[in-house]
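Visitor: Next up is a structure, given as C-alpha cells.
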C-alpha cells in the first residue's frame, strides 16, 4: 500500500468508482473493531475519512476515544444502526444519522443491527491535513497477524518517511519489528526512540508485551537501564 | 445539537432543480467540507454538473457517496450507475461531474477539500444559502448572508459580485456599484457577466458601472 499525506502527489488517474463493501477489512489492534481504510485506498488527501463496519449486532464498531489530535469529526451511519456514546449520552442512530463530535469529546459505538457501517470524516480547523501514523500502524500489524510480514514491514516503514521526527513513530516500528522477529532492526529503532525522548519511551517500555521478544537480549537491559 | 438525520437537514431547492442539504453549515464544521444532496424527482438532477477547479487554480478532491437509493453519475463524459454504499472519488478537480437520481429518496453525500491547505468554507455556500431569501425578494436577508460570508473571505470576487446583485435588487445602488467594482478589479471577467445580468438593470446607466 502507498502512504498518503497532503504533501504527496496525487495518485494517477482522474477518478474512480468503488463500493464500501470492497474496502479492506483491518482488525483494529487490541480492541477488535473493523477499520475499512477508505482514505488510504483512495489516496484522498484533503482530510481524514474512513469507514468502520460490524457484522453482528453487539459487535464493537468505533473504538472508544476522545480524538486528542484536535480533529472535529462527523460520523455518518451508512447502513444498519449504530449505538453511539457521545460524551455521557448513549443513543441509537439508524442509517442516515449524522453525529458531530468536537475534538476532546468522548465517543464510541457498537452495532445495534447486523451489517452496520459508519463513515467517519475528520479534520482540524485552520490546519492543513497531514496523515498521521495510526492507519498504517494498524494495517501493518494486521498484515503481520495475517502472515505477511514483508507487507507489514513495508507499511510500517512508510511512517518513517515523515520529515518530522517522533519518538512514538520509531517506538511503534520497534514494536512491529520485535514481533516480526527482526530483533537487530528493532533495537535500532528503539535506540532512536530513546534518543528522541527517553522519558516517554520509559513510560511504555517496562509493561509493553510487544517488546517481550527482546527482553532476554542483553541489549534490552542496556537500553532500559 | 450534535446529532441529526439527513432527512431533518434544511432542504434548499436550487434554481437548477437539485436540493442542497447543508451538513457543514448545520454543525458549523470548520475542519472539512461535507454536504448532502437530494433530487426533486426521479430522473432529476442531484449533483449539479460542475468542475472543482480551473487550469492554474486546482481545487478540491471530492468523494460522492450514494447514501440511499441510486444515482447515475457522469464523470468526464462517462456514465456510472451507483447504488447505496457505492461512491465515486474525483481526484482531478478539472473533470466535470454531475448526477441524476434514479430512485425516490436518493441521497448523495459529498465530501471535499483542497489537499495541503486548511479548509476554507466555500463561497458558494453563502450563494446557495441566500437562494430562499432571494426567491422571496427578501434582499435584506440575502445581503446579510453574503456579507457574513464576505467577512471570512473579503476578497472573493464571486461573493462580491453576488452581494452586488442582491444590493442592486434591494435598492442599495451605491453599495452595489462599489462591490461590483471591487469584484471586477479582482477578476475582470465579472465585468462581462455584469453587462448581461438583469440583476443590475437599475444601476447599468450609473457612472462607474463596469463598461
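Chains as they are written, first to last, in the working numbering: chain S, 1 to 225; chain Y, 226 to 436. Glycine is no exception: its CB is placed at the ideal position from the N, C-alpha and C atoms.
1) I'd like to know whether the C-beta of residue 345 of chain Y is nearer than 7 Å to at least one C-beta of chain S.
2) Could you give the first and the last residue of the continuous alpha helix (DSSP H) run that contains residue 372 of chain Y?
3) Label residue 159 of chain S either buried or exposed according to how many other C-beta atoms from any shown protein chain fall within 10 Å of its C-beta, with 16 as the threshold for buried.
4) Does DSSP put residue 340 of chain Y in a helix, a strand or coil?
5) Can you tell me which of the three DSSP states residue 1 of chain S falls into?
6) By DSSP, does residue 93 of chain S sit in helix, in strand, or in coil?
7) Anything in chain Y within Cβ reach of residue 16 of chain S, meaning under 8 Å, just list it in chain order.
8) Taking the DSSP output, what are the residues bridged to residue 15 of chain S?
9) Would you check if the distance between the CB atom of residue 276 of chain Y and the CB atom of residue 319 of chain Y is smaller than 7 Å?
10) Just to make sure I have the definition right: I need the residues of chain Y whose C-beta is within less than 7 Å of the C-beta of residue 97 of chain S. Which are they?
11) Use the C-beta contact count for residue 4 of chain S: other C-beta atoms within 10 angstroms, 16 or more gives buried, fewer gives exposed.
12) For the region 109-124 of chain S against the region 136-149 of chain S, do three or more pairs of beta-carbon atoms, one drawn from each stretch, fall closer than 8 Å, so that the two count as touching?
13) Compare the Cα-Cα distances from residue 305 of chain Y to each of Y/286, Y/326 and Y/250 and report the closest residue.
14) Following the continuous beta strand (DSSP E) through residue 323 of chain Y, name the residue where it begins and the one where it ends.
15) Could you check how far apart the C-beta atoms of residue 170 of chain S and residue 155 of chain S are, in whole angstroms? I think they sit under 8 Å.
16) Identify the continuous alpha helix (DSSP H) that holds residue 152 of chain S and give its terminal residues.
17) Residues of chain S with a CB under 7 Å from the CB of residue 275 of chain Y: which are they?
18) Strictly by DSSP, which residues pair up with residue 62 of chain S?
Guide: If we stick to the structure as given:
1) In the second chain, the residue the question calls residue 345 of chain Y occupies position 120. Against chain S, the CB of residue 345 of chain Y has no partner CB under 7 Å away; the residue lies outside that interface.
2) Indexing the second chain from 1 puts residue 372 of chain Y at position 147. Start and end: 364-377.
3) For the purposes of this step, residue 159 of chain S is taken as residue 159 along the first chain, with counting starting at 1. Buried.
4) Position 115 of the second chain holds residue 340 of chain Y. Here residue 340 of chain Y sits in coil by DSSP.
5) As a first step, residue 1 of chain S is located in the first chain; it is residue number 1 there, counting from the start. Note on residue 1 of chain S: pLDDT 28, under 50, position unreliable in the model; the coordinate value appears next. DSSP places residue 1 of chain S outside both helix and strand once states are collapsed to three, so it counts as coil.
6) The residue you call residue 93 of chain S lines up with position 93 of the first chain. Note: residue 93 of chain S maps to strand in three-state DSSP.
7) As a first step, residue 16 of chain S is located in the first chain; it is residue number 16 there, counting from the start. The contacting residues are 313, 314 and 316.
8) By one-based count along the first chain, residue 15 of chain S stands at place 15. Residue pairing by DSSP puts residue 15 of chain S in a beta bridge opposite Y/315.
9) Here residue 276 of chain Y refers to the residue found at position 51 of the second chain. Here residue 319 of chain Y refers to the residue found at position 94 of the second chain. The Cβ atoms of residue 276 of chain Y and residue 319 of chain Y sit closer than 7 Å to each other.
10) Start at 1 with the first residue of the first chain, and residue 97 of chain S comes out as number 97. Ordered by position in chain Y, the residues that pass the 7 Å Cβ test against residue 97 of chain S are 228 and 230.
11) Locating residue 4 of chain S in the first chain gives position 4, counting from the first residue. With a pLDDT of only 35 at residue 4 of chain S, under the threshold of 50, the placement of this residue in the model should not be trusted, and no figure is reported.
12) Touching, no, given that fewer than three Cβ pairs across the two stretches are closer than 8 Å.
13) Counting from 1 along the second chain, the entry for residue 305 of chain Y is found at position 80. Measuring from the Cα of residue 305 of chain Y, the nearest candidate turns out to be Y/326.
14) Locating residue 323 of chain Y in the second chain gives position 98, where the first residue counts as 1. From DSSP, the beta strand (DSSP E) with residue 323 of chain Y extends over 322-326.
15) Position 170 of the first chain, counting from 1, holds the residue named residue 170 of chain S. Position 155 of the first chain, counting from 1, holds the residue named residue 155 of chain S. Not a contact, Cβ separation roughly 15 Å.
16) Here residue 152 of chain S refers to the residue found at position 152 of the first chain. 149-158 is the span of the alpha helix (DSSP H), which, as asked, contains residue 152 of chain S.
17) Mapped onto the second chain, residue 275 of chain Y falls at position 50. Chain S residues near residue 275 of chain Y: none, gap ~14 Å exceeds 7 Å.
18) The residue labelled residue 62 of chain S in the question sits at position 62 within the first chain. Answer is S/109, bridged to residue 62 of chain S.
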